[in-house]
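Chemist: Note that numbering that gives the first Met the number 0 has the sequence shown beginning at 0, numbered continuously upward.
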Amino acid sequence: MSNRRNLGSELLRLTHLRPGLTRADAARELGTGTGTTAEIVVRLLADHLLSEGEASSEGRRGRPTRPLLPHPDGPLVLAAEITHEDWRLRVVELGGATLAEVGAPHPSHSPDPVLTAVRAAARTMLRRFPRRVRGAGLAAPGVVRDGHLLEAPLLGWRDVDLRTAWPRSPDLPAEAVLAGNDARCAATAESVRGRAVGARLALHLHLDAGLGGALTTDGELVDGAHGSAGEFGHLPFGDPARSCGCGARGCWGTALDGAAFARSLQQDEPHDPVAFSHRVLDRARRGDVEALRAVAEIATNLGRGIAGLVNALDADLVTVGGLAARLHDAAPDTVRAALEEGSMTLRRSTPPVLTSGAFGADGPLVGAAELVWSRSWKRLERSRGAG
Ligand SMILES: [Zn+2]
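(1) Compute the minimum distance between the beta carbon of residue 205 and the heavy atoms of ligand 1, and state whether it is under 6 angstroms.
(2) Going by DSSP, which residues form a beta bridge with residue 180?
(3) Please look up how many angstroms separate the CB atoms of residue 362 and residue 188, rounded, as I've assumed it's under 8 angstroms.
(4) Indicate, with yes or no, if ligand 1 has a heavy atom lying under 6 angstroms from the CB of residue 83.
(5) Measuring from each Cβ to the nearest heavy atom of ligand 1, keep the ones under 5 angstroms and list them in chain order.
(6) Can residue 306 and residue 342 be called in contact, C-beta distance under 7 angstroms?
(7) Sort out for me which residues DSSP pairs residue 91 with in a bridge.
(8) With distance defined between alpha-carbon atoms, name the residue in 278, 20, 357 nearest to residue 54.
(9) What would DSSP say about residue 198, mapped onto helix, strand or coil?
(10) So for residue 157, helix, strand or coil by DSSP?
(11) Which residues does DSSP list as the beta-bridge partners of residue 318?
(12) Roughly how many angstroms lie between the CA atoms of residue 240 and residue 232, to the nearest whole one?
(13) Using the Cβ count rule (16 or more neighbours within 10 Å means buried), how would you classify residue 327?
(14) For residue 212 versus residue 204, is the C-beta distance shorter than 7 angstroms?
(15) Answer yes if the segment 293-306 comes into contact with the segment 261-271, meaning at least three C-beta pairs across the two stretches below 8 angstroms, and no otherwise.
(16) Quick one: Cα of residue 81 to Cα of residue 35, how far?
(17) Going by DSSP in three states, residue 144 sits in which element: helix, strand or coil?
(18) Ordered along the chain, which non-local residues of its own chain (more than five positions away) have a Cβ less than 8 angstroms from that of residue 118?
(19) Can you tell me which of the three DSSP states residue 328 falls into?
(20) On the three-state DSSP scale, how would you describe residue 213?
(21) Is there a Cβ from chain D that is less than 7 angstroms from the Cβ of residue 259?
(22) Determine the burial state of residue 254: buried for a count of at least 16 other Cβ atoms within 10 Å of its Cβ, exposed for fewer.
(23) Between which two residues does the alpha helix (DSSP H) harbouring residue 263 extend?
(24) Can you give me the Cβ contacts of residue 1 inside the same chain, cut-off strictly under 8 angstroms, excluding the 5 residues immediately before and after it?
(25) DSSP three-state call for residue 349: helix, strand or coil?
(26) Specify whether the segment 139-150 and the segment 207-223 touch according to this definition: at least 3 beta carbon pairs, one from each stretch, less than 8 angstroms apart.
(27) Report the rounded CA-to-CA distance for residue 70 versus residue 337, giving the unit in angstroms.
(28) Could you give the DSSP three-state label for residue 248: helix, strand or coil?
(29) Which residues in the same chain have their Cβ closer than 6 angstroms to the Cβ of residue 375, if we skip the five residues on either side of it in sequence?
(30) Give the DSSP bridge partners of residue 229, in chain order.
(31) Output needed for residue 386: all residues of its chain with C-beta closer than 7 angstroms, excluding positions within five of it in sequence on either side, in chain order.
(32) Check each candidate in 172, 48, 176 and name the one with the smallest Cα separation from residue 12.
(33) Return the first residue and the last residue of the alpha helix (DSSP H) that residue 51 is part of.
(34) Do residue 99 and residue 91 have their C-beta atoms closer together than 7 angstroms?
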């Protein structure tokens, strides 16, 4: 019995990653006979966890086959992201599609009004999709541990319990609610359903107000001793004279942020560094020579740092997200040249694939949803018959 339950969880996960797969695909992937697979499918259909689409005759020997899809009344998760300037909340169904999304600029810079706004939006979604939501995940910038945002210098928040962003509801038991660092969430998105699928050691770098990231080995996040590995923005690849909000000097992030763009353009430190960086990248896209020079300088800083990380870590894939994706896409040859110049001879024979991530600015939201799903499979199976 317990074995069957695990197969049910595995089939839910497979359908989540590849909605539209056939029973034959599923049997092959699960390594089970078609009879066993059919039994599991029938049960998951009856429990409104999966549905089957229209039959097509693309199956082997022309036999009609029906694709496995999320059930229209099936399970959902809530995913939210808090950035330095706004919040977003999204309802995600099995398979990763977004059913609804809301968001707004922060009503104030203190945590309570922001978390209250997210909570109100979540409550609205719980009413709109009654008894379907099975978990919730929140991505936030800064160091997150055990559901608490310990330190987010750019938001100015310390010791905030992020779990209070979710309303108390039987749909959201404590074990179904989580919070994570935004860049680590984005790395999860890449490794589960983005460009890092299949990589041995993937490095993801996410640049927003600060630079963060994560490593995944064979799809598994490297946590570190306290769950906060990946603070690559605080490696000393920057100007040793420059101090960083983290308390250290010479951090790499200070060579990539909006203030770095402003220095390159000989302008004052911007009030909103992220918006400033976007504006410089917009100007560069229109061919503005000064902006192009600034972009080249910051893109070189990005490539040099990536080289250092690849030298140390032996990554086979590097994905960049958020502002780093825009920077890479604006000057891919510059980033690549700096990466090559900084690479050990040893690494030059096996250079990593370097690419923008699949999700752009959505990486943290997609990843927050994936972290919730990854904890949900067994619970979904256990809940069968309960509704
Ligand atoms: Zn720092």
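We treat Cβ as the ideally placed atom computed from N, Cα and C, and that holds for glycine.
Modeler: Answer, in terms of the structure:
(1) No, ligand 1 has no heavy atom inside 6 angstroms of this Cβ.
(2) Beta-bridge pairing by DSSP links residue 180 to 139.
(3) By a beta-carbon distance limit of 8 angstroms, residue 362 contacts residue 188. Their separation comes to about 5 angstroms.
(4) No, since every heavy atom of ligand 1 falls outside the 6 angstroms radius drawn around the Cβ of residue 83.
(5) This criterion selects 233, 243, 245, 247, 250.
(6) Yes, they are a contact pair.
(7) Looking at the DSSP assignment, residue 91 forms a beta bridge with 76, 97.
(8) When only C-alpha atoms are compared, the closest one is 20.
(9) Collapsing the DSSP output to three states places residue 198 in coil.
(10) Note: residue 157 maps to strand in three-state DSSP.
(11) Among the bridge pairs identified by DSSP, residue 318 is matched with 203, 354.
(12) The alpha-carbon atoms of residue 240 and residue 232 are separated by roughly 16 angstroms.
(13) Under this definition residue 327 is a buried residue.
(14) Closer than 7 angstroms, so yes.
(15) The answer is yes - the segment 293-306 touches the segment 261-271, with three or more Cβ pairs under 8 angstroms.
(16) Each residue's Cα considered, the two are about 44 angstroms apart.
(17) The answer is strand: DSSP assigns residue 144 an E or B state.
(18) Excluding residues within five positions, the ones whose Cβ falls inside 8 angstroms are 163, 164, 165, 166.
(19) Three-state DSSP puts residue 328 in a helix.
(20) Correct three-state label for residue 213: strand.
(21) In the structure shown, chain D cannot be found, because there is only a single protein chain.
(22) Buried, by the Cβ-count rule.
(23) 257-263 is the span of the alpha helix (DSSP H), which, as asked, contains residue 263.
(24) Because the pLDDT of residue 1 is 46, which lies under 50, any placement of that residue in the model is unreliable, and the question is left without a value.
(25) Secondary structure of residue 349 (DSSP, three-state): coil.
(26) Contact between the segment 139-150 and the segment 207-223 is present: three or more C-beta pairs spanning the two stretches fall below 8 angstroms.
(27) Put simply, the backbone Cα of residue 70 is about 48 angstroms away from that of residue 337.
(28) Residue 248: strand per DSSP, three-state reduction.
(29) Once the five neighbours on either side are set aside, the close Cβ partners of residue 375 are 133, 134.
(30) Partner(s): none; residue 229 has no beta bridge.
(31) Any reading at residue 386 needs caution, since the residue's pLDDT is 39, under 50, leaving its predicted position unreliable; the model's value is listed next. Within the same chain, residue 386 has close Cβ partners 130.
(32) If we check each option's Cα against that of residue 12, 48 comes out closest.
(33) Run containing residue 51: none in the alpha helix (DSSP H); it sits in the beta strand (DSSP E), 49-51.
(34) Result no, Cβ atoms of residue 99 and residue 91 do not sit closer than 7 angstroms.
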